[in-house]
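So the sequences go chain by chain: A and B. No gaps in the numbering here: position 229 of the first sequence is 233 in my numbering, and each next residue is one more. No gaps in the numbering here: position 249 of the second sequence is 250 in my numbering, and each next residue is one more. A short worksheet on the structure shown next.
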Amino acid sequence: MGFFDRLKEGLSKTRHNFTDRIEELVGLSVEIDEDFLEELEMILLTADVGGVTTEKLIDSIRQAAKKKEISSTEDVLPFLKNQISEMLKDDGQRTRIGAKPTVILVVGVNGVGKTTTIGKLANYFHLFKYKVMLAAGDTFRAAASQQLKIWGERAECEVISHAEGADPAAVVFDAVKAAIARKVDILFIDTAGRLHNKTNLMNELEKIHRVIKREIPDAPHETFLVLDATTGQNAINQAKVFAETANVTGVVLTKLDGTAKGGVVVAIKEELGLPVKWIGVGEGIMDFRPFEPDKFVDALFAKDE
Amino acid sequence: MAFESLSERLQKAIKMFKGSGKISEEDLKAPLKEVRMALLEADVNFKVVKDFVAKIKERALGAEVQESLSPSQQIIKIVNEELTALLGGTQVKLEVSPTPPTVIMLVGLQGAGKTTTVGKLAMTLKKKNKKPLLVAGDIYRPAAITQLEVLGEQVGVPVFALGDKVSPVEIAKQALEKAKFLACDTVIIDTAGRLHINEELMNELKDIKSAVNPHEILLTIDAMTGQDAVNVADAFNKELGLTGLIVTKLDGDARGGAVLSVKEVTGCPVKFVGMGEKLEALEPFYPDRMASRILGMGDILSLIDKIKDTTDLNKALEMEKTLRKNEFTLEHFLEQMQQVKKMGSLDTILGLIPGMGNISQKLKEANVDDKEVDRVEAIIKSMTPKERRNPSVINGSRRKRIAAGCGMRVQDVNKLLKNFEESKKMMKKMQGMSKFASKGGMKLPFMK
Ligand SMILES: Nc1nc2c(ncn2[C@@H]2O[C@H](COP(=O)(O)OP(=O)(O)OP(=O)(O)O)[C@@H](O)[C@H]2O)c(=O)[nH]1
Ligand SMILES: [Mg+2]
Chain A
5 MGFFDRLKEG LSKTRHNFTD RIEELVGLSV EIDEDFLEEL EMILLTADVG
55 GVTTEKLIDS IRQAAKKKEI SSTEDVLPFL KNQISEMLKD DGQRTRIGAK
105 PTVILVVGVN GVGKTTTIGK LANYFHLFKY KVMLAAGDTF RAAASQQLKI
155 WGERAECEVI SHAEGADPAA VVFDAVKAAI ARKVDILFID TAGRLHNKTN
205 LMNELEKIHR VIKREIPDAP HETFLVLDAT TGQNAINQAK VFAETANVTG
255 VVLTKLDGTA KGGVVVAIKE ELGLPVKWIG VGEGIMDFRP FEPDKFVDAL
305 FAKDE
Chain B
2 MAFESLSERL QKAIKMFKGS GKISEEDLKA PLKEVRMALL EADVNFKVVK
52 DFVAKIKERA LGAEVQESLS PSQQIIKIVN EELTALLGGT QVKLEVSPTP
102 PTVIMLVGLQ GAGKTTTVGK LAMTLKKKNK KPLLVAGDIY RPAAITQLEV
152 LGEQVGVPVF ALGDKVSPVE IAKQALEKAK FLACDTVIID TAGRLHINEE
202 LMNELKDIKS AVNPHEILLT IDAMTGQDAV NVADAFNKEL GLTGLIVTKL
252 DGDARGGAVL SVKEVTGCPV KFVGMGEKLE ALEPFYPDRM ASRILGMGDI
302 LSLIDKIKDT TDLNKALEME KTLRKNEFTL EHFLEQMQQV KKMGSLDTIL
352 GLIPGMGNIS QKLKEANVDD KEVDRVEAII KSMTPKERRN PSVINGSRRK
402 RIAAGCGMRV QDVNKLLKNF EESKKMMKKM QGMSKFASKG GMKLPFMK
């Protein structure tokens, strides 16, 4: 199964509800009137697209209708698809691997899939013959470093860890030193899950950032914020605060294999300019894909064969 | 605090109600639209929102004109009651089997917080002199078993594990035997996170269910979940017949729409909420208290519970009386602040005091952390007892003296006094509301 099919499969549930309901509407309404737009607004909201972005999308339909760019309800779906595609487009590079070592910091709230994502990416880059190292920066959650070590074994790379309760900054310091000494290509740093509204935990993250910078001034080269697709509008808050504190360079959107709509991605790109770089579509080591806006939107709106 | 923005928006919506006398359809149009948007942006499920708004409209239009109530007060009353109902009405306790052990099973999506919650539940039960046995039924996620073992050790309760090669059904069965052998009165089964559309893994849960007949099957759900929450809850409920829900991560700033929706869709009560990462951070869920918290009326009862947990009972009762009588002085303010340090994060506590929710927001904006408590303490301590009891005597020169006394700026003293006045004012408002409450039968956290 190719990427497109798998993505479609992962998103099939989303697609059903979303497309079916639009089609239903198209069948029902004769013209693009306010009632129609209100219904459409509801569909977008239900898909977790969020209030602000939904309003923007609805407005753009309204404007286009006024300017006669679209004249019937049949035009609406392709138009909408195109709008969302445009919003999600990102010119940036996928993941910048150049510096040696390239340091990639992975952050996010509790349980979103940080450790799993690191396992998957570590394996991916290992397969491309990069020398990968992992740092167990979550010294807080019970058995967090054991979990990372298991992923380290699967991806065949070294894991630097301290005892539970140790200072995460110390782990990170050791890992960066070790990565330089052992000529590692990519160092992934796992961090403890933290809610973005906890000042002390966000300060800890800032400290980790500083420690990395002290050793390698232009590191971390990437900071990935992991977001759970099941999350609703709170994901926007998460993205805002993590971006401020940890200088996030990209988003990894996990758990798209569920029935969650993932519409919040649009809002995050639109409102914060943060691009999605990778998506998680399962718990297995290969269950992730690069994020491709066009295919993502296609899969989201695709009809059933 | 969770619900913060929802509560702000709902209050804004309610303030939009104008006019006097009987409420008309026209009066309702704009405010109800706002209520709808507030709920939607809070991730409340789209269908739930629709029903909720329709109910409010119907009741508001049919409402009797009550002399003691302005239309906006009437709306608050209706919204509060409907919100309480939506949240489940009254608190529902854990089932206890007459013939031990009571078997509790936690289920849910990946990353919802099941394993941590198992640890917290164990802590709660242990405090009540129960003897729980924890069962490591997540054989899939790397290190999940170790995680539960570490938690069991921290709580000081036994953990039953058979490694990751034995099926969870078999593990659950054997755990029951073990519980009887160890004379444990409660068995808490941790299960692997799974998608509700994964047939194979859902069947596994059904098999565990028929093997051990749990008294409680609790769905653990993340407070930050979006519109999908109802699909998830609905699927788990249909497959397993849930007995309740545990909502986790409510210490975040999620607007908590999932909580408002799942109860409505599944008919299952929310039994506990997770309020932090510590093992103690699991609280019983009180729908009525949560409703008034959402509407910005504070949650005095929860505050008093917290005080009771950390201080002696007499002090708590005294505080309750003070709050009722509205004799709130700077001394109480300081006392509260000092309790705060013992009780946990400043945000959580401030959210519980009427009118302080906003202040906690301001503190956050000003990037103020728990150190603020120390500053407040220093300022109040450099006041005379008279000044503390009657802050109105604090004039300009006194302010200067106080500031010099604690090594802070006069602005800091001013800010503190302003905050204090704000929370006092809010308490007055609460008093005012309790007047109509006795007539209209509305239950406020102040009165029992
Ligand atoms: N279905 C699905 N599950 C996932 C995906 N990514 C991660 N998970 C699961 O989500 C759960 C949590 O993943 P972790 O990697 O432990 O998450 P984390 O962010 O490191 O968690 P903490 O360190 O506890 O904050 C695990 O059960 C993972 O297997 C995904 O894309 N799809
Ligand atoms: Mg982790």
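For each residue, glycine too, the CB sits at the ideal point set by N, CA and C.
Identified DSSP bridge partners for residue i
i	result
ASP223(B)	THR249(B)
LEU229(A)	VAL111(A), VAL255(A)
PRO285(B)	PHE273(B)
TRP155(A)	BP columns for TRP155(A) are empty, so no partner.
ALA137(B)	ASP191(B)
Residue of the options minimising C-alpha distance to residue i
i	options	result
LYS166(B)	LYS279(B), THR385(B), GLY138(B), PHE329(B)	GLY138(B)
THR244(B)	GLY253(B), LYS250(B), THR267(B), ASP254(B)	THR267(B)
PHE228(A)	GLY262(A), ALA185(A), GLY254(A), GLY277(A)	GLY254(A)
GLY277(B)	GLY114(B), THR226(B), VAL45(B)	GLY114(B)
LYS13(B)	THR187(B), ARG37(B), ASP44(B)	ARG37(B)
ALA405(B)	PRO32(B), PRO270(B), ALA379(B)	ALA379(B)
GLU200(B)	ALA236(B), THR221(B), LEU152(B), ASP186(B)	ALA236(B)
PHE286(B)	VAL50(B), THR85(B), ASN420(B), VAL45(B)	THR85(B)
GLU332(B)	PRO288(B), PRO392(B), LEU283(B)	PRO392(B)
GLY197(A)	ASP232(A), ARG218(A), VAL215(A)	ASP232(A)
GLU501(B)	VAL108(B), LYS239(B), GLY89(B), LYS127(B)	The shown model of chain B, from 2 to 449, leaves out residue 501(B), and the question about it has no answer.
LEU109(A)	ALA68(A), GLY267(A), ALA126(A), GLU274(A)	ALA126(A)
VAL49(B)	PRO32(B), ALA31(B), ARG60(B), LEU88(B)	LEU88(B)
ALA55(B)	PRO72(B), LYS30(B), PHE273(B)	LYS30(B)
ALA183(A)	VAL107(A), ALA173(A), ARG214(A), VAL245(A)	VAL107(A)
Euclidean distance between Cα positions of residue i and residue j
i	j	result
GLU157(A)	ASP52(B)	52 Å
ALA173(B)	HIS225(A)	46 Å
THR92(A)	PRO279(A)	It should be pointed out that residue 92(A) corresponds to Leu in this sequence rather than to Thr. One C-alpha to the other measures close to 7 Å.
ASN359(B)	LEU41(B)	Per-residue confidence for ASN359(B) stands at a pLDDT of 49, beneath the threshold of 50, marking its modelled position as unreliable; the derived number appears in the next sentence. Going from the Cα of ASN359(B) to the Cα of LEU41(B) covers about 22 Å.
GLN432(B)	GLU422(B)	Because the pLDDT of GLN432(B) is 48, which lies under 50, any placement of that residue in the model is unreliable, and the question is left without a value.
VAL111(A)	LYS118(A)	7 Å
VAL301(A)	PRO294(A)	14 Å
PHE329(B)	GLY262(A)	51 Å
GLU78(A)	LYS16(B)	41 Å
LYS124(A)	PRO297(A)	21 Å
LYS387(B)	LEU418(B)	15 Å
LEU32(A)	MET137(A)	Its pLDDT being 46, under 50, LEU32(A) is placed unreliably by the model, and nothing is read from it.
VAL175(A)	MET384(B)	46 Å
SER165(A)	THR195(A)	12 Å
PRO159(B)	ALA170(A)	25 Å
ASP223(B)	THR249(B)	5 Å
ILE381(B)	ILE395(B)	12 Å
ALA167(A)	MET409(B)	42 Å
PRO169(B)	ILE209(B)	7 Å
LYS58(B)	GLU26(B)	8 Å
VAL116(A)	PHE334(B)	39 Å
HIS216(B)	VAL163(A)	42 Å
LEU11(B)	GLU35(B)	8 Å
PHE177(A)	ALA159(A)	22 Å
ARG218(A)	VAL377(B)	36 Å
LEU364(B)	PHE144(A)	The pLDDT assigned to LEU364(B) is 47, lower than 50, so where the model puts this residue is not dependable; a value taken from the coordinates is nonetheless given after this. Answer to the nearest angstrom: the Cα atoms are 27 Å apart.
MET290(A)	HIS130(A)	12 Å
PRO270(B)	LYS264(B)	6 Å
ASP142(A)	ILE193(A)	9 Å
ILE122(A)	VAL411(B)	51 Å
Check: residue i C-beta below 7 Å from any heavy atom of ligand 4
i	result
LYS259(A)	Only ligand 1 and ligand 2 can be found as ligands here, which leaves ligand 4 out of the picture.
field: Positions along the region 21-43 of chain B whose CB lies within less than 7 Å of some CB in chain A
entry: MET38, LEU41, GLU42
- request: Tell me, please, whether the region 51-66 of chain B touches the region 89-100 of chain B by the rule of three or more beta-carbon pairs shorter than 8 Å.
  value: no
query: Is there contact between the region 74-91 of chain B and the region 181-201 of chain B, where contact requires at least three CB pairs shorter than 8 Å?
result: no
- prompt: Do the region 83-102 of chain A and the region 201-217 of chain A make contact, defined as three or more Cβ pairs closer than 8 Å?
  reply: no
- prompt: If contact means a Cβ-Cβ distance below 8 Å, which residues of the region 189-213 of chain B contact chain A?
  reply: LEU196, HIS197, ILE198
- request: Flag this pair as touching only if the region 236-246 of chain A and the region 237-257 of chain B have three or more C-beta atom pairs under 8 Å; answer yes or no.
  value: yes
task: Flag this pair as touching only if the region 137-157 of chain B and the region 143-151 of chain A have three or more C-beta atom pairs under 8 Å; answer yes or no.
output: yes
message: Which residues of the region 186-205 of chain A have a Cβ closer than 8 Å to any Cβ of chain B? Give them in chain order.
response: LEU199, HIS200, ASN201, LYS202, THR203, ASN204
field: Interfacial residues, the region 251-272 of chain A to chain B, with Cβ spacing under 9 Å
entry: THR258, LYS259, ASP261, GLY262, THR263, ALA264, LYS265, GLY267, VAL268
query: Using a beta-carbon distance cut-off of less than 9 Å, what residues from the region 134-150 of chain A approach chain B?
result: PHE144, ARG145, ALA146, ALA147, ALA148, SER149, GLN150
query: Which residues, in order along the region 240-272 of chain B, keep a beta-carbon less than 8 Å from a beta-carbon of chain D?
result: As a matter of chain content, chain D is missing from the structure shown, whose protein chains are A and B.
task: Please list the residues of the region 224-241 of chain A that have a C-beta atom closer than 9 Å to any C-beta atom in chain B, keeping them in chain order.
output: ASP232, ALA233, THR234, THR235, GLY236, GLN237, ASN238, ALA239, ASN241
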